[in-house]
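Asks: I'd like to ask you about the structure that follows.
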Amino acid sequence: MTHPHPQKVERWLTLVGVGEDGPEGLSAAARTLIEQAPYVIGGARHVALCHNLIKGEAHTWVTPFSTALEGVLARRGQPTLVLASGDPFFYGVGATLIGHVTPHEVACLPAPSCVALACARLGWAQQACRVVSVCGRPHALILPFLQPGARLLVLCADETSPATLCAWLNERGFGQTECHILQALGGPHEQVTRCLAQDGAPHGINRLCLVALSVPAGAVSCALPRVAGLPDTCFEHDGQLTKREIRAVTLSSLAPRAGELLWDVGGGAGSVGIEWMLADPTCQTIAIEPAPERVARIAHNAQALGVPNLQTVTGKAPAAFTGLPAPDAIFIGGGGSRTGMLEAAWQALKPGGRLVVNAVVVETEHKLFQAMQQWGGSLTRLDVARLDPVGRLHAFRPSMSVTQWVAWKPTQA
Numbered sequence: 007m008t009h010p011h012p013q014k015v016e017r018w019l020t021l022v023g024v025g026e027d028g029p030e031g032l033s034a035a036a037r038t039l040i041e042q043a044p045y046v047i048g049g050a051r052h053v054a055l056c057h058n059l060i061k062g063e064a065h066t067w068v069t070p071f072s073t074a075l076e077g078v079l080a081r082r083g084q085p086t087l088v089l090a091s092g093d094p095f096f097y098g099v100g101a102t103l104i105g106h107v108t109p110h111e112v113a114c115l116p117a118p119s120c121v122a123l124a125c126a127r128l129g130w131a132q133q134a135c136r137v138v139s140v141c142g143r144p145h146a147l148i149l150p151f152l153q154p155g156a157r158l159l160v161l162c163a164d165e166t167s168p169a170t171l172c173a174w175l176n177e178r179g180f181g182q183t184e185c186h187i188l189q190a191l192g193g194p195h196e197q198v199t200r201c202l203a204q205d206g207a208p209h210g211i212n213r214l215c216l217v218a219l220s221v222p223a224g225a226v227s228c229a230l231p232r233v234a235g236l237p238d239t240c241f242e243h244d245g246q247l248t249k250r251e252i253r254a255v256t257l258s259s260l261a262p263r264a265g266e267l268l269w270d271v272g273g274g275a276g277s278v279g280i281e282w283m284l285a286d287p288t289c290q291t292i293a294i295e296p297a298p299e300r301v302a303r304i305a306h307n308a309q310a311l312g313v314p315n316l317q318t319v320t321g322k323a324p325a326a327f328t329g330l331p332a333p334d335a336i337f338i339g340g341g342g343s344r345t346g347m348l349e350a351a352w353q354a355l356k357p358g359g360r361l362v363v364n365a366v367v368v369e370t371e372h373k374l375f376q377a378m379q380q381w382g383g384s385l386t387r388l389d390v391a392r393l394d395p396v397g398r399l400h401a402f403r404p405s406m407s408v409t410q411w412v413a414w415k416p417t418q419a
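Every letter in the sequence shown is one number past the one before it in the working numbering, and letter 303, counting from 1, is 309.
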């Protein structure tokens, strides 16, 4: 974003990370900054922990947080100190504030994050762990990272999170996962307990907690494969499904990259859009489908396969394109012969975007040949045959051929 103060700006905002050990865990420099600050604001717990150090005005965050944020920004240019939990730039207030000020205005003295403390207690290499959060987020987001032998650090919303997490893991077939519940790390009430997910979390959990998961190396059947082409049985569908082999080629043609948005047009069961999002946690999908029952099925499949944030639009393309954010890629699995469909999709694509269309009928193939002559790209015929019984013998039964057009929109100079 463009900041309104391009000139050199004096540092007026100081962020000090505070652990559960309070002032005792702070450096001499951090204690001095708190003592000399004319205006201190933070959560009630952190202000209480540091009350003996605070000599200036002491304030606690008000709700909603947007109002509290406005109060801090209104002091721009005046010395202001914010007390934060642990590392302010790790799921903390620092990441929020930096969206409104420049880095040159901020000084930060972080304390060890809860993740750093958890790895220190367990003897885990921090760089080998995946950090995920269930604070206001569905558990389904964890699913793609539950791989054999994986170690995950799950940030919890409150004292109920470990129990619900254990129950969810057990439902998904990960009951043998070892769960370390780390509570009030770094303070006098620190406690680390261990359980298996299938046994459930113990009672009396501290509100300040996280759960470290150690997934068994043998948890192969429950883990999602990390390449495109999930088994067709992973998706609920009514027959409108891009089959596994064709789907794998389609995802390769769409070429997902981190942070990109896909329009999955004629979503059906949502399989292509779901696997697009599984390619990277930052990938996004908008599935466009006219049948309400299929829209509901897409949402169910997305939840079950670990991408609950997939968006759906109930409507008929290309009219349903109106008002949607521009995509990096578009997949059309049905309706490619509809009047104006290819033209509207090509127009909607960002420069450098990819358009992939699968066709099984000659009318759509004819449209794709014309499109290739106009916009370039390539046409490929895909044929798959599966072994089926023929009486007591066997023969390969071919599926309907799929013609795939792939085109990249030129980048602007």
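Beta carbons: idealized from backbone N, C-alpha and C, even for Gly.
Computed from a predicted structure; not experimentally measured.
1. Among the residues of its own chain, which have a CB less than 6 Å from the CB of serine 259, if the five just before and after it don't count?
2. Comparing alpha-carbon positions, which option in Lys61, Gly340, Gly279, Glu76 lies nearest tryptophan 67?
3. So what does DSSP say about isoleucine 280, is it helix, strand or coil?
4. Applying the criterion that 16 or more other CB atoms from any shown protein chain within 10 Å of the CB defines a buried residue, is serine 119 buried or exposed?
5. What did DSSP end up calling alanine 419 once you bin it into helix, strand or coil?
6. With asparagine 364 as the anchor, note down where its beta strand (DSSP E) starts and where it stops.
7. By a C-beta neighbour count over all protein chains shown, 10 Å radius and 16 as the cutoff for buried, is cysteine 141 buried or exposed?
8. Assign tryptophan 381 to one of three DSSP states: helix, strand, or coil.
9. Distance check for serine 405 and isoleucine 252, CA to CA, integer angstroms please.
10. Run the CB neighbour count on glutamate 295, radius 10 Å, all protein chains shown included, and call it buried at 16 or more, exposed below.
11. Taking the alpha helix (DSSP H) that isoleucine 40 belongs to, which residues open and close that run?
12. Return the chain-ordered ranges of every beta strand (DSSP E) run that is complete within the segment 320 to 375 and spans a minimum of 3 residues.
13. Please say whether valine 198 and arginine 127 have beta carbons closer to each other than 8 Å?
14. Can you name, in chain order, every residue of its own chain whose Cβ lies under 6 Å from the Cβ of glutamate 196, other than the five neighbours on each side?
15. Look at the alpha carbon of alanine 326 and the alpha carbon of threonine 320, and state the distance between them as a whole number of angstroms.
16. Under 8 Å: do the segment 328 to 335 and the segment 214 to 230 share three or more Cβ pairs, one atom per stretch?
17. Leucine 128 by DSSP, collapsed to three states: which one?
18. From glycine 484 to proline 94, what distance separates their C-alpha atoms?
19. Using three-state DSSP, classify threonine 199 as helix, strand or coil.
20. Could you give the DSSP three-state label for glutamate 295: helix, strand or coil?
21. Measuring only from the beta carbon, is threonine 38 closer than 7 Å to any heavy atom that is part of the ligand ZN?
22. Decide if phenylalanine 96 is buried, meaning its Cβ has at least 16 other Cβ atoms within 10 Å, or exposed.
23. For aspartate 460, list the residues DSSP reports as bridge partners.
24. Assuming leucine 103 contacts valine 22 under a Cβ cut-off of 8 Å, what Cβ separation, rounded to an integer in Å, is found between them?
25. Pick out whichever of Ile280, Gly92, Lys61, Ile304 has its Cα sitting closest to the Cα of histidine 52.
26. Roughly how many angstroms separate the alpha carbons of alanine 323 and glutamine 290, rounded to a whole number?
27. Classify valine 121 as buried or exposed, calling it buried when 16 or more other Cβ atoms lie within 10 Å of its own Cβ.
28. Once DSSP output is grouped into helix, strand and coil, what is the label at threonine 4?
29. Tell me the start and end of each unbroken alpha helix (DSSP H) in the segment 104 to 169 that is at least 4 residues and wholly inside, in chain order.
30. Return the Cβ separation of alanine 207 and proline 168 in integer angstroms, given the expectation that the two are a contact with Cβ distance under 8 Å.
31. Grab the span of the beta strand (DSSP E) containing threonine 256 for me, first residue to last.
32. Considering only residues of the same chain and omitting the five flanking positions on each side of histidine 11, which have a CB-CB separation below 6 Å?
33. Determine the direct distance from the alpha carbon of proline 357 to that of glycine 49, and round the result to whole angstroms.
34. So, isoleucine 40 versus leucine 19, is the Cβ gap smaller than 8 Å?
35. Between leucine 316 and glycine 279, is the Cβ-Cβ spacing less than 8 Å?
36. Have a look at glutamate 16 and leucine 123 and give me their C-alpha separation to the nearest angstrom.
Replies: Walking through what the data contain:
1. Val362, Val412
2. Glu76
3. helix
4. buried
5. Per-residue confidence for alanine 419 stands at a pLDDT of 47, beneath the threshold of 50, marking its modelled position as unreliable; the derived number appears in the next sentence. In the structure shown, alanine 419 sits in coil (DSSP, three-state: anything other than H, G, I, E or B).
6. 360 to 365
7. exposed
8. helix
9. 11 Å
10. buried
11. 34 to 42
12. 335 to 338, 360 to 365
13. yes
14. Ala190
15. 8 Å
16. no
17. helix
18. Residue coverage of the chain in this structure runs from 7 to 419, which leaves residue 484 outside it and unanswerable.
19. strand
20. strand
21. Among the components of this structure there are no ligands whatsoever, and the ligand ZN is therefore not found.
22. buried
23. There is no way to answer for residue 460, as the model of the chain reaches only from 7 to 419.
24. That belief does not hold up - the Cβ atoms of leucine 103 and valine 22 are roughly 13 Å apart, past 8 Å.
25. Gly92
26. 19 Å
27. buried
28. Examination of residue 4 is not possible in this model, given that the chain is present from 7 through 419 alone.
29. 120 to 128
30. 4 Å
31. That residue, threonine 256, is in no beta strand (DSSP E); its alpha helix (DSSP H) goes 250 to 260.
32. Low confidence applies to histidine 11: its pLDDT is 47, below 50, so where it sits in the model is not reliable enough to give any reading.
33. 45 Å
34. no
35. yes
36. 33 Å
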